[in-house]
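Taking it in order: structure first as structure tokens, then the write-up.
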Amino acid sequence: MKLPSLKFSLVLLVAMAVGILPVMAKDSVVTAVYSNARKDYVRERQPDGTFKTETYVIGNGGSVDGSMPLDSNEAVPFPTIVRVMSRFLAQENYLPTSDAKSADLLLVLYWGKTIPFNDAAERANTDATYVTMNNLREGNKQVKLSDAQNHSQQTDGIQSKERYLRDAIADQLEGSLYQTQLFDNARYDANQQNARLLGYAREIARLDNPSIYAGNGTDYHDLINDVENERYYVVVSAYDYRLAAGEKKGKVLWTTRVSVQAHGNRFDDSLATMLANASAQFGRNSDRLIRQYRPGRVKLGELKYLGTVQTKAPVADEPATGK
């Protein structure tokens, strides 16, 4: 896979200078985490059982196509997100490097807010459909009454007024039902796009079975409700840096996705909790969507930035396939 021409900055950094910066993780923030990795991505372990260190540089991917960047009043600068995330990466023995040429991984960071399907027009169409159905029911009554009075058709073969009005209403209902199908398709497409971005697609597919009609659909409908509402997300995609920098090929080794409901939360308040919950899945397969919360406090040390390098970014919205 060739790398596209999207430009971003690689941030070169070294960890933890003097000083502690407290970052409050918002209490009771429900997060959803999904992670997958290639089968050929296997981390080596050291004699003490811990993972062998892998070094990285980070690229700013911005918001994924089909989503929106954050509003200015809740936006978090890219270096701040890097600082928060680097602490959790270090817990998994992923460490930053000051020499990009020696890096093992290119981490591309994407964040923003999903755009749910706008159902205002759909709801208006639904209301109009119910009105038309009631009108058609009344029109059928009028036709029956006219038939009973033997006035359903004139002697010259011209259709009665009652039948003409009833048929016009029936045509209107057919149009409304066609619009309903179009809206259903648009909703499905929007949900699918957000489900893929957030890592919900496989879990929704697993739960989409006849049991949801037999009282077991709570989890399924919870997931649908999530993707049909705005959610803050962070996606971290890890690429083989040597292939990306040398051969300009994007080989995704692993991708971790974490999100939280936007309503009632702020991205800047929720970021630390989101990354804390996602960190255990960095470089791994979560197999399932993990919905959880973790209250608490995260303390982060200051980072010293060594500079940025302009380069080209791989595509963010293509997950590691696990193949």
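Residue numbers are given in the working numbering: position 202 of the sequence shown equals residue 204, and the series is strictly consecutive. We treat Cβ as the ideally placed atom computed from N, Cα and C, and that holds for glycine.
So residue i and residue j are supposed to be a Cβ contact under 8 Å. How far apart are they, rounded?
| i | j | result |
| --- | --- | --- |
| Arg-235 | Arg-259 | Going by the sequence as given, residue 235 is Tyr instead of Arg. Indeed, because the Cβ distance is near 7 Å, the residues count as touching under 8 Å. |
| Ala-34 | Arg-293 | 5 Å |
| Glu-232 | Pro-118 | 6 Å |
| Tyr-202 | Asp-221 | Not confirmed; about 12 Å, so no contact. |
| Val-137 | Ile-171 | For the sequence presented, residue 137 should be read as Asn rather than Val. Sure, about 5 Å apart at Cβ, within 8 Å. |
Let's test the definition: count the other Cβ atoms within 10 Å of the Cβ of residue i and tell me whether it reaches 16, buried, or not, exposed.
| i | result |
| --- | --- |
| Asp-186 | exposed |
| Phe-53 | exposed |
| Glu-140 | exposed |
| Leu-23 | Below a pLDDT of 50, predicted positions are generally treated as unreliable, and Leu-23, at 36, falls in that range; the measurement from the model is reported next regardless. Exposed, since its Cβ has fewer than 16 Cβ neighbours within 10 Å. |
| Ala-280 | buried |
| Tyr-215 | exposed |
| Leu-184 | exposed |
| Ser-213 | exposed |
| Gly-252 | buried |
| Ala-123 | exposed |
| Tyr-132 | exposed |
| Asn-267 | buried |
Pull up the distance between the alpha-carbon of residue i and that of residue j, whole angstroms please.
| i | j | result |
| --- | --- | --- |
| Asn-120 | Gln-174 | 24 Å |
| Thr-99 | Gly-64 | 22 Å |
| Thr-82 | Leu-111 | 12 Å |
| Asn-211 | Ala-39 | 27 Å |
| Ser-261 | Glu-46 | 29 Å |
| Glu-205 | Ile-226 | 10 Å |
| His-265 | Leu-291 | 21 Å |
| Met-135 | Thr-116 | 35 Å |
| Leu-107 | Lys-41 | 17 Å |
| Leu-179 | Arg-189 | 15 Å |
| Val-254 | His-223 | 31 Å |
| Arg-89 | Ile-60 | 13 Å |
| Tyr-243 | Arg-208 | 34 Å |
| Gly-51 | Ala-282 | 16 Å |
| Phe-80 | Val-238 | 13 Å |
| Thr-182 | Asn-62 | 40 Å |
| Leu-109 | Asp-289 | 21 Å |
| Asn-95 | Leu-245 | 21 Å |
| Lys-143 | Arg-168 | 9 Å |
| Glu-176 | Ala-130 | 12 Å |
| Asn-287 | Arg-125 | 39 Å |
| Asp-191 | Ala-197 | 10 Å |
| Glu-230 | Thr-275 | 22 Å |
| Tyr-36 | Pro-49 | 29 Å |
| Gln-151 | Gly-219 | 51 Å |
| Tyr-43 | Leu-97 | 17 Å |
| Gly-114 | Ala-247 | 26 Å |
| Gln-263 | Thr-55 | 33 Å |
Would you say residue i and residue j are within 7 Å of each other, going by their C-beta atoms?
| i | j | result |
| --- | --- | --- |
| Gly-285 | Trp-256 | yes |
| Thr-57 | Ala-105 | yes |
| Leu-199 | Val-66 | yes |
| Gly-68 | Gln-195 | yes |
| Val-84 | Leu-277 | no |
Does residue i come within less than 7 Å of chain C when only Cβ atoms are used?
| i | result |
| --- | --- |
| Ile-83 | Of the protein chains in the structure, only one exists, and it is not chain C. |
Is the closest heavy atom of the ligand GDP to the C-beta of residue i under 6 Å?
| i | result |
| --- | --- |
| Thr-131 | The model on display carries no ligand, and the ligand GDP is accordingly not part of it. |
| task | Take every Cβ of the stretch 270-283, pair it with every Cβ of the stretch 71-87, and state whether three or more of those distances are shorter than 8 Å. | result | yes
| Inter-stretch contact (C-beta, 8 Å, three-pair minimum) for the stretch 163-178 and the stretch 135-150 | yes
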